[in-house]
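Novice:
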Amino acid sequence: NFFATLLMAVLLIYIVMAALFESLVLPLSILTSVPLAFLGVAWVVYLAHLRMPSVAMDTIGFIGCVLMVGVVVKNGIVIVDHVNQLRKEGLARFDAVMLGGSHRLRPVLMTALATILGAAPLLAPLISARWGSPATISLGCAMIGGLITGTVLTLFVVPLFYTLVDDFQGWLA
1056 NFFATLLMAV LLIYIVMAAL FESLVLPLSI LTSVPLAFLG VAWVVYLAHL
1106 RMPSVAMDTI GFIGCVLMVG VVVKNGIVIV DHVNQLRKEG LARFDAVMLG
1156 GSHRLRPVLM TALATILGAA PLLAPLISAR WGSPATISLG CAMIGGLITG
1206 TVLTLFVVPL FYTLVDDFQG WLA
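Here our numbering is used: the first residue of the sequence shown is 1056, the next is one more, and so on.
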């Protein structure tokens, strides 16, 4: 059921982005960061499992993955929307991508950091068994690991795929 839920979430996100950007291809540049964010989820769950062997991905962790996808996609939308605005103002694609990435670096990092720090108490049982509930560890691992990896990769992968998708749109035209 998790994969069906995740697929439905990504599909709905794609539909909203296609309407927002008025393009069927441009949202794909943002969605490329989603599978890469799951590398961070797997990495942090593995590290937590080394510290506490009872930690594994469960239903609560899968809910954290769906939440993480929303934040990672939002960060990509912030960058791509600003790049599109700069291009409408007349900037060349390369200049718009470079300037858009530097202009939106701070908001993307602030959003990700606020969410990561907000989810940090979910990992408290890894430090001491007296704090928190072990049931929340997988939720915290999914959110924190996915957001760290997703944010870092969003800053590099989304602009790269934006240029590739833009080249593809030009080739189709």
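Every residue gets a Cβ at the ideal spot worked out from N, C-alpha and C, and that includes glycine.
From Ser1084 to Pro1176, what does the alpha carbon distance come to, in whole angstroms?
Specialist: Each residue's Cα considered, the two are about 32 angstroms apart.
Novice: Does the distance from the C-beta atom of Met1112 to that of Leu1181 stay below 8 angstroms?
Specialist: No, these two residues do not count as a Cβ contact at 8 angstroms.
Novice: Answer yes if the stretch 1067-1078 comes into contact with the stretch 1147-1154, meaning at least three C-beta pairs across the two stretches below 8 angstroms, and no otherwise.
Specialist: Judged by Cβ distances under 8 angstroms, the stretch 1147-1154 makes no contact with the stretch 1067-1078, as fewer than three pairs qualify.
Novice: In the DSSP assignment, find the unbroken alpha helix (DSSP H) run with Gly1125 in it and report its ends.
Specialist: It spans Thr1114 to Lys1143 - the alpha helix (DSSP H) in which Gly1125 sits, taken as one unbroken run.
Novice: Looking only at C-alpha atoms, which of Ile1118, Ile1192 and His1158 sits nearest to Leu1062?
Specialist: Taking only the C-alpha atoms, the option nearest Leu1062 is Ile1118.
Novice: Would you be able to state if there are at least three C-beta pairs under 8 angstroms between the stretch 1090-1099 and the stretch 1138-1145?
Specialist: No, they do not touch.
Novice: With distances taken from CA atoms, which of Thr1087, Val1127 and Leu1178 is nearest Leu1102?
Specialist: Of Thr1087, Val1127 and Leu1178, the residue nearest in Cα terms is Leu1178.
Novice: If Val1100 and Ser1193 are in contact, beta carbons under 8 angstroms, what's the gap, nearest whole angstrom?
Specialist: 7 angstroms between Cβ atoms; contact.
Novice: Out of Val1121, Gly1156 and Leu1066, which one is the CA nearest neighbour of Ile1134?
Specialist: Residue Gly1156 is the option with its Cα nearest to Ile1134.
Novice: Mapping DSSP to helix, strand and coil, what is Leu1226?
Specialist: Checking the sequence, you will find Trp at residue 1226 rather than Leu. Three-state result, Trp1226: helix.
Novice: In chain order, what residues of the same chain lie with their CB nearer than 6 angstroms to the CB of Thr1204, ignoring the 5 residues before and after it?
Specialist: Excluding sequence neighbours, Thr1204 sits near Ala1092, Leu1094 and Gly1095.
Novice: Considering only residues of the same chain and omitting the five flanking positions on each side of Gln1224, which have a CB-CB separation below 7 angstroms?
Specialist: Within the same chain, Gln1224 has close Cβ partners Val1080.
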